[in-house]
Structures are given as C-alpha cells and as structure tokens.
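**Student:**
There are 2 protein chains.
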Amino acid sequence: MAVGAFAAGRATAAEGEPSTAARDAFAFRGEHQAGITTPAQDRLHFAAFDVTTGSRAQLVALLKAWTVAAERMTRGLPAGEVGPTGGDALLPPDDTGEAIGLPASGLTITFGFGPTLFRDDHGRDRFGIADRQPAALRTLPHFPGDALDPAASYGDLCVQACADDPQVAVHAIRNLARIGFGTVAVRWSQLGFGRTSTTSTSQSTPRNLFGFKDGTANVKAEEPADLAEHVWVGRGDDPRAGWLAGGSYLVTRRMNMTIEVWDRQPLGDQEGFIGRTKDTGAPLSGGTELTEPDFSMSGSDGPVIPRDSHVRVVHPDFNGGARMLRRGYNFVDGSDPLGGLNAGLFFIAFVRDPDTHFVPIQLKMAKVDALMEYLKVTGSALFAVPPGIGPGEHVGQALFS
Amino acid sequence: MAVGAFAAGRATAAEGEPSTAARDAFAFRGEHQAGITTPAQDRLHFAAFDVTTGSRAQLVALLKAWTVAAERMTRGLPAGEVGPTGGDALLPPDDTGEAIGLPASGLTITFGFGPTLFRDDHGRDRFGIADRQPAALRTLPHFPGDALDPAASYGDLCVQACADDPQVAVHAIRNLARIGFGTVAVRWSQLGFGRTSTTSTSQSTPRNLFGFKDGTANVKAEEPADLAEHVWVGRGDDPRAGWLAGGSYLVTRRMNMTIEVWDRQPLGDQEGFIGRTKDTGAPLSGGTELTEPDFSMSGSDGPVIPRDSHVRVVHPDFNGGARMLRRGYNFVDGSDPLGGLNAGLFFIAFVRDPDTHFVPIQLKMAKVDALMEYLKVTGSALFAVPPGIGPGEHVGQALFS
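Protein sequence lines correspond, in order, to chains X and W. Going by the numbering used here, the first sequence opens with residue 1, and the numbers climb by one from there. Going by the numbering used here, the second sequence opens with residue 1, and the numbers climb by one from there.
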C-alpha cells in the first residue's frame with residue numbers, strides 16, 4: 001500500500017450527485033487514519049474521554065462499536081443501522097437525528113490513546129497493555145506560562161472530528177459519547193469554528209485570531225518524505241510500541257489569546273512578534289507568503305526578523321530541522337468574567353516523536369517567544385494515534401491483540 | 001417605504017462576481033434592522049454589553065462609531081477606514097484582520113437596548129432616557145425551572161451578529177467590543193454554530209439538538225400582516241416609547257439540553273414530547289411538515305398529539321393567537337463537569353410585546369411542557385430593538401434625540 005494512498009482518498013460520490021466540497025466523503029480505513037493529512041476541514045469538535053470501566057473486554061467492545069459507528073458516519077450514514085427514526089418506537093434510536101439529511105461534509109474521525117490508558121496514577125497496568133506503552137507517551141511536562149485547567153487537559157482516549165459542517169462534527173462526537181455510555185465519560189471537549197492550518201497545497205492559508213495567516217510552513221500531504229521524517233512513527237522507532245508504526249502523536253494545547261491587549265498593539269509591533277507581515281504573510285525579510293525567511297538580514301536595529309519573533313523561534317533551522325503537521329482551530333467559548341473573549345487557538349499538531357518534535361520547541365517558545373505575552377495555555381494533552389486499519393479490523397486492534 | 005422593503009434587501013454584488021450565498025451582503029439601513037426577517041444565516045455570535053461610563057455623550061459617541069463600523073462590516077469592508085494593515089505602523093490597526101479576504105458572508109448586525117440602560121438597580125435614570133423606557137422592557141420574571149447564571153444573563157446593550165461564516169460573525173463582535181473599550185464591556189457572549197429557524201419560505205427547516213426539525217411554524221418574512229401583528233412594535237403601542245415603533249423586542253434564553261438523558265428516551269416518547277414525528281416533522285395527527293396539527297384527533301389513550309406536547313403547549317390556538325419570530329441557534333460550549341455536553345438551544349425570539357407574546361407562553365411552557373424535563377434555562381435577557389435607520393442616522397438616534 002503506497003504511503004498516503006488513503007490519506008486523501010475520497011469515497012465515490014453517489015452517481016449523478018454534484019461533487020461539491022460539502023458532499024465529500026473521506027475513506028475511514030487506510031494506511032494512516034484520516035484527519036491528519038486530509039485537507040483541513042473548516043470545523044472541529046474534539047473530545048477527550050476517561051475510561052470508567054476496569055474491564056478490558058468492555059473497552060475493546062467499545063472500540064469495535066466505535067469503529068462501526070465512525071465508519072458509517074464518515075460515509076454520511078446514521079451512527080447505527082436502525083437510524084434516528086426507524087425501528088421500535090419503544091426503544092431509543094441508535095442515532096440522535098440532528099444530522100438527518102446532511103451529507104458526509106468531509107467528516108473525518110481520528111482516534112488516539114492517552115498515557116493514562118496504559119497506567120493509572122500509581123503506575124498500575126489498567127488493561128494489560130502497560131508493556132506496550134510508547135516511551136514518548138507521557139504527560140507533557142509543565143511549560144513556563146502554563147495555566148492548565150486539569151478539567152480541560154489530559155484524557156485516556158481522544159476523538160478528533162473534523163467536518164465542513166459543524167452540525168456533522170458535533171453529531172459524530174455526540175453519538176460516540178452516547179455509544180460509550182457506561183464505558184467512557186467525556187472528560188472535556190472543544191469546538192473549533194475555523195481552521196487555522198493548511199494540510200494540502202490545494203488550500204489557501206487561513207487566519208488565526210491574531211489576524212495573521214497561520215500554518216504557512218506546515219508539513220503537507222504532498223510531501224511524503226517530510227511526512228515520513230516528521231509525522232509518521234517509523235517501524236523501528238519504539239521496540240515496545242510496534243503497534244504505533246505508521247501512526248503519530250497528537251498534541252493539543254488550548255492557547256487562550258489576550259485578544260483585547262493584542263488589539264491595542266501597534267501594527268509594527270504585531271508584525272515584529274510574528275516575524276511576518278499581517279497583510280500577505282510574507283516574512284519581514286521580504287518576498288511573498290511562501291518565500292523562505294532570511295534571518296540574517298539586518299535592519300537599522302538588529303535583524304529585520306527579530307530574534308524573539310514567533311517565526312524564528314519555531315523555525316526548523318533553529319530546532320534541529322524538526323517540523324510539525326499543525327491542524328489547529330480558532331475557538332471562542334463566550335467571555336471570561338472580566339469581559340474579555342474566552343478565545344484563541346486550539347492548537348493541534350501531529351508529530352513523529354513529541355520528545356524531539358514538540359517538547360523542546362514548546363519549551364523554547366514558552367521561554368523566549370514574544371507572542372507568549374499574549375497567550376495563556378489553559379489545556380494540554382498528548383495522545384498516541386495508531387495507524388489506519390484495514391478491512392475487518394477495528395480501532396486499536398493491533399494494540400489489544 | 002413599504003413594510004419589509006429592506007428586510008431581505010440585498011446590496012448589489014460586485015459586477016462579474018459569482019452570486020453565491022457566501023457573497024451575499026444585506027443592507028444595513030432600512031425600515032427595520034436587518035437580522036430579524038433576513039433569511040436566518042448559519043452562524044451566530046451574540047454579545048451583551050454593560051455600559052461602564054456614566055457619560056451620555058460618550059455613550060452616544062459609541063453608538064455613532066458602532067453605526068459606522070457595523071455598516072462597513074456588513075458590506076464586507078474592514079471595521080475602520082485605515083483597515084487591518086494600512087496606516088501607521090506605530091498605531092494599532094482599526095480592524096483586527098482575521099476577516100481579511102473574506103466576503104460579507106451575509107453578515108447582519110442587530111442592536112438592542114436592555115432595561116438596565118434606562119434605569120439602574122435603584123431606579124435612577126442613567127442617561128436621561130428613563131422617561132422613554134418602554135413599559136414592557138423590564139427584566140423577565142423568574143420562570144419555574146430557571147437556573148440562571150447572572151453572568152450569562154441581562155445586559156445594557158446587545159449585538160446580534162449573524163453570518164454564513166463564523167469567522168465573519170466573530171470578527172464583527174470583536175471589533176465592536178474593541179471600539180467600545182472604555183465605554184462598554186462585554187457582559188456575556190454566545191456562539192451558535194447552527195441555525196434552528198427558518199425566517200423565510202425560501203429556507204428548509206433545520207434540526208435542533210433534540211434531533212427534531214425546529215421552527216416550522218415560525219413567522220416568516222413573506223407574511224407582512226403577521227409581522228405587523230406579532231413582531232413589529234406598532235406606532236401607538238407605547239406612548240412613552242415612540243422611538244421603538246417599527247422595532248421589536250428580542251428575547252434570549254440559553255436553554256441547556258440534558259442531551260445524554262434525552263438520547264436514552266424511546267423514539268415514541270421523544271415524538272410525544274414534541275408532538276411531531278422525528279423523521280419528516282409532520283404533526284402526530286398526520287400529513288406533512290407544513291400540515292396544521294389536529295389537536296382533536298383521538299388515539300387509543302387520549303389525543304394523538306399529547307396535551308403536554310411542545311407543539312400544543314406553544315401553539316397560537318392555545319395562546320390567544322400569539323406568534324413569535326424565532327431565530328435561535330444550536331450551541332455546544334464544551335462539556336460540563338459531569339461529562340455531559342454543555343449544549344442546547346440558544347433561543348432568540350422577536351416579538352411585538354413580551355407581555356403578550358412571550359411571558360405567558362414561557363410560563364405555560366415552564367409549567368406543563370413535557371420538554372422541560374430535558375431543558376435547563378441558564379441564561380435570559382430582554383432587549384428593545386429599535387427600528388432601522390435612514391441615511392445619515394445612527395443607531396439609537398431616535399432614542400437619544
């Protein structure tokens with residue numbers, strides 16, 4: 001199976017249907033899970049779950065049930081065979097109904113396993129899989145400036161649902177939570193209303209709530225060598241975790257922006273913090289959005305691209321060549337008690353190894369990045385994302401077999 | 001000027017541009033404010049503000065500045081003339097930039113005045129307009145089952161921003177809040193990800209998070225006689241508040257749904273609570289979605305449409321003929337501490353008089369509606385929505401002149 005063969009693979013649309021973006025359906029099975037290199041959809045509903053049972057059999061049964069429901073929903077079908085309105089009026093429906101009549105809308109559902117699924121707080125093996133815990137799958141360290149809400153961090157399992165229609169993404173998470181009743185409970189969930197990343201060269205670069213283009217230098221679906229080097233876990237990466245080869249690590253960081261303070265900063269300062277122009281997104285050293293930054297170019301007062309600018313701090317040239325596949329979303333969760341918008345970037349990144357591709361960069365960013373003055377990280381989580389599954393397999397089969 | 005002439009009036013699209021829904025722009029000025037009978041857009045950002053100044057002049061200056069910015073943004077322009085990237089690099093931009101490159105996206109911005117704008121908690125005149133306070137503009141009474149969060153209720157001013165792109169709606173509220181810094185502060189705000197109402201016969205009926213079609217029997221733009229009777233404040237309605245003629249009252253109710261409990265109810269019970277089928281939305285007495293319910297039809301065990309069903313409890317036939325123009329949105333604000341989705345319906349209704357068209361119906365609903373077992377009202381507010389403004393006028397001009 002060729003690398004990426006399924007990553008952007010589209011299911012066949014019904015004959016005669018107009019082939020618009022809203023009707024896109026992405027294959028659920030494949031070498032890698034969908035929702036990573038899939039062209040980033042517009043909307044997100046992300047949920048972290050805690051497992052509430054001690055039974056391995058119950059947990060595996062849930063993963064099987066989730067597999068069936070997720071595959072159905074990504075095809076635009078109801079979560080269950082009976083559907084929201086069929087069957088016995090004396091029974092609850094096996095789909096909740098709010099997506100009746102809506103197409104697949106590009107829905108992808110991506111599953112991940114958190115460190116606490118393998119071992120509890122006392123280091124005890126919870127489900128007989130502790131010896132398969134990847135070495136890099138540990139609770140992320142505390143970073144300077146972290147103000148984490150434990151109720152919005154961590155989790156035994158995660159599900160990322162992305163779609164071009166938010167009702168479809170919400171419907172997916174809700175039905176998986178419904179199916180999991182008694183086995184798992186939602187620990188936290190997050191809606192994202194607008195994508196901030198491009199994961200394909202076919203997409204234009206969107207803007208985050210700082211008003212800047214975001215994700216310009218992302219690893220993209222069309223770069224298989226970079227994906228293999230920076231995103232997919234390699235076959236020999238971790239002898240304990242062969243089941244993770246072809247998968248990835250998923251980092252989430254809920255980055256609240258101090259929007260109101262940011263909005264009072266002069267345009268020149270904003271551009272200095274980012275290292276790019278607000279208009280076209282070109283590096284301050286010139287060119288267009290896609291021009292490589294020239295960090296050596298001098299201005300009247302030090303480098304044109306400041307040393308503490310975001311683009312320089314996180315650039316691969318200063319981080320051992322490490323790149324990430326970012327897939328974050330803008331969020332607004334109402335207002336905080338002081339009247340500021342409770343808003344920012346729900347950062348999502350997929351990396352081959354968090355110890356080399358995320359932790360050092362985040363640590364550096366937390367210490368020296370000028371942007372950090374306008375960010376407060378309120379949620380944080382790390383999950384191991386298994387590879388895709390083949391016909392007849394279920395999510396997590398390689399881990400639990 | 002004919003009633004409704006501007007209600008669905010569209011600004012001319014740029015020549016040669018494809019005339020897709022995403023590029024629609026609605027006129028900001030007109031007989032009525034846009035965002036009421038305008039075909040309900042897909043996404044919402046609603047904000048309530050408290051006035052933090054004691055100065056009438058400052059408040060009026062803000063309403064003038066808001067008028068300019070709102071009209072610009074509904075045309076797809078930046079909030080200010082300089083724009084997000086023009087002007088002096090030493091000054092903060094007069095637009096925050098996240099909507100650069102996005103079209104008007106059907107944006108409407110609708111302003112309202114709360115009871116506390118007229119009088120403070122001690123009954124004192126705050127801005128010299130107490131004698132113009134409409135008699136019906138009072139804090140809504142406590143209804144049985146209300147579990148209001150004061151921090152998510154009430155407000156001196158409100159702004160409803162609706163658009164087909166959530167980034168455009170968020171951009172509008174954020175820039176109005178930015179412009180209001182020092183004069184007003186956001187008290188609460190609410191994102192809605194999916195419309196639950198049709199306000200035009202050109203729209204199909206969407207579904208709420210109970211999975212049912214919602215808003216079937218809404219007052220619609222194409223019903224001018226019903227709008228005049230049920231939605232627009234008449235010229236002689238309130239001698240103290242002539243400035244409100246041609247306006248309306250806006251009620252918001254943040255109705256949390258106990259999603260997880262609802263999902264465990266048998267289909268037949270769910271349909272009995274609503275009084276309609278989940279599939280087509282037809283009344284349980286038969287026909288299609290648009291068939292009038294037959295409340296007299298008998299089943300084996302009482303009426304086919306139960307007496308405590310939602311459709312019967314709120315039907316005009318049992319409420320003195322009163323109808324509302326509903327314009328609510330589905331919301332999901334993450335999860336609650338118990339692992340349930342913090343989700344439901346952000347109910348918005350426009351009515352001619354809350355004392356006849358909302359309070360009695362809500363009171364009855366709170367007491368007898370079977371649905372109430374699955375609803376918890378956590379936010380509540382009432383605003384007077386002035387009529388539209390003509391050329392050269394500003395929002396609130398008739399009230400403050």
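Backbone N, C-alpha and C fix where the C-beta goes; we use that ideal spot for every residue, glycine too.
At a CB distance below 8 angstroms, what residues from the stretch 76 to 94 of chain X approach chain W? Give them in sequence order.
**Tutor:** 84, 85, 87, 88, 89, 90, 91, 92 and 93
**Student:** Given this structure, state the Cα-to-Cα distance separating residue 352 of chain X from residue 133 of chain X, to the nearest angstrom.
**Tutor:** 15 angstroms
**Student:** Between which two residues does the alpha helix (DSSP H) harbouring residue 63 of chain W extend?
**Tutor:** 56 to 74
**Student:** I'd like to check one pair, residue 193 of chain W with residue 332 of chain W: are the Cβ atoms closer than 8 angstroms?
**Tutor:** yes
**Student:** Say whether the stretch 336 to 353 of chain W touches the stretch 246 to 254 of chain W, bearing in mind that this needs 3 or more beta-carbon pairs closer than 8 angstroms, one atom from each stretch.
**Tutor:** yes
**Student:** According to a CB-to-CB cut-off of less than 9 angstroms, which residues of the stretch 188 to 201 of chain X neighbour chain W?
**Tutor:** 188, 189, 190, 191, 193 and 194
**Student:** Which of helix, strand or coil does DSSP assign to residue 240 of chain X?
**Tutor:** helix
**Student:** Please tell me whether residue 402 of chain X has its Cβ less than 8 angstroms away from any Cβ of chain W.
**Tutor:** No information on residue 402 of chain X is available, as it lies outside the stretch 1 to 401 that chain X covers here.
**Student:** If you run the structure through DSSP and keep just helix, strand and coil, what is residue 150 of chain X?
**Tutor:** helix
**Student:** Under 8 angstroms Cβ to Cβ from residue 21 of chain W, same chain only, skipping five residues before and after it: list those, please.
**Tutor:** Bear in mind that the predicted position of residue 21 of chain W carries a pLDDT of just 44, short of 50, making it too unreliable to give a figure here.
**Student:** Taking 6 angstroms as the limit between beta carbons, can you name the residues of its chain near residue 389 of chain X, skipping five residues before and five after?
**Tutor:** 29
**Student:** Under 7 angstroms Cβ to Cβ from residue 368 of chain X, same chain only, skipping five residues before and after it: list those, please.
**Tutor:** 308 and 313
**Student:** When you check each C-beta in the stretch 305 to 327 of chain W against every C-beta of chain X, which residues fall closer than 8 angstroms?
**Tutor:** none
**Student:** Label residue 403 of chain W either buried or exposed according to how many other C-beta atoms from any shown protein chain fall within 10 Å of its C-beta, with 16 as the threshold for buried.
**Tutor:** Past the boundaries of the shown model lies residue 403 of chain W; chain W is included only from 1 to 401, so the question cannot be answered.
**Student:** Closer than 6 angstroms by C-beta to residue 46 of chain X: which residues in its own chain qualify, once you throw out the five before and the five after it? Chain order, please.
**Tutor:** 160 and 190
**Student:** Taking residue 402 of chain X as the reference, which of X:306, X:68, X:56 and X:188 has the closest Cα?
**Tutor:** The shown model of chain X, from 1 to 401, leaves out residue 402 of chain X, and the question about it has no answer.
**Student:** Hey, out of W:336, W:357, W:340 and W:328, whose CA is closest to residue 318 of chain W's CA?
**Tutor:** W:357
**Student:** Does the CB of residue 333 of chain X have a neighbour CB from chain W at under 8 angstroms?
**Tutor:** Yes, its Cβ sits closer than 8 angstroms to a Cβ of chain W.
**Student:** Which residue wins for smallest C-alpha separation from residue 95 of chain W, given the options X:212, X:236, X:219 and X:238?
**Tutor:** Comparing Cα-Cα distances from residue 95 of chain W to each of X:212, X:236, X:219 and X:238, the minimum goes to X:212.
**Student:** Could you give the first and the last residue of the continuous beta strand (DSSP E) run that contains residue 188 of chain X?
**Tutor:** 184 to 192
**Student:** Please look up how many angstroms separate the CB atoms of residue 326 of chain X and residue 218 of chain X, rounded, as I've assumed it's under 8 angstroms.
**Tutor:** The Cβ separation is near 5 angstroms, so the contact holds.
**Student:** If you scan the stretch 333 to 367 of chain W from start to end, which runs of the alpha helix (DSSP H) of 4 or more residues do you find wholly inside it?
**Tutor:** 354 to 357
**Student:** Could you tell me if residue 290 of chain W is buried or exposed, where buried requires 16 or more neighbouring beta carbons within 10 angstroms of its beta carbon?
**Tutor:** exposed
**Student:** In chain W, what lies closer than 7 angstroms to residue 207 of chain X by C-beta?
**Tutor:** 97, 98 and 100
**Student:** So with CB distances below 9 angstroms, who are the chain X contacts of residue 181 of chain W?
**Tutor:** Simply 260, 263 and 264.
**Student:** On the CB-based measure, 16 or more other CB atoms within 10 Å of its CB, does residue 176 of chain X come out buried or exposed?
**Tutor:** buried
**Student:** Closest Cβ-Cβ distance between residue 245 of chain W and chain X: below 8 angstroms?
**Tutor:** Taking Cβ atoms only, chain X never reaches closer than 8 angstroms to residue 245 of chain W, which makes this a no.
**Student:** I need the DSSP call for residue 233 of chain X, collapsed to helix, strand or coil.
**Tutor:** coil
**Student:** Below 9 angstroms on C-beta distance, what does residue 330 of chain X contact in chain W?
**Tutor:** 98, 166, 167 and 170
**Student:** Taking the alpha-carbon positions, what's the residue 34 of chain W to residue 258 of chain W distance?
**Tutor:** Approximately 33 angstroms between the Cα atoms of the pair.
**Student:** Go ahead and pull the three-state DSSP assignment for residue 404 of chain X.
**Tutor:** No answer is possible for residue 404 of chain X: the residues shown for chain X start at 1 and end at 401.
**Student:** Would you kindly work out how many angstroms separate the C-alpha atoms of residue 127 of chain X and residue 245 of chain X, rounded to a whole number?
**Tutor:** 21 angstroms
**Student:** My assumption, with CB atoms under 8 angstroms, is that residue 196 of chain X sits in contact with residue 329 of chain X. Please give the rounded CB distance.
**Tutor:** That belief holds up - the Cβ atoms of residue 196 of chain X and residue 329 of chain X are roughly 6 angstroms apart, short of 8 angstroms.
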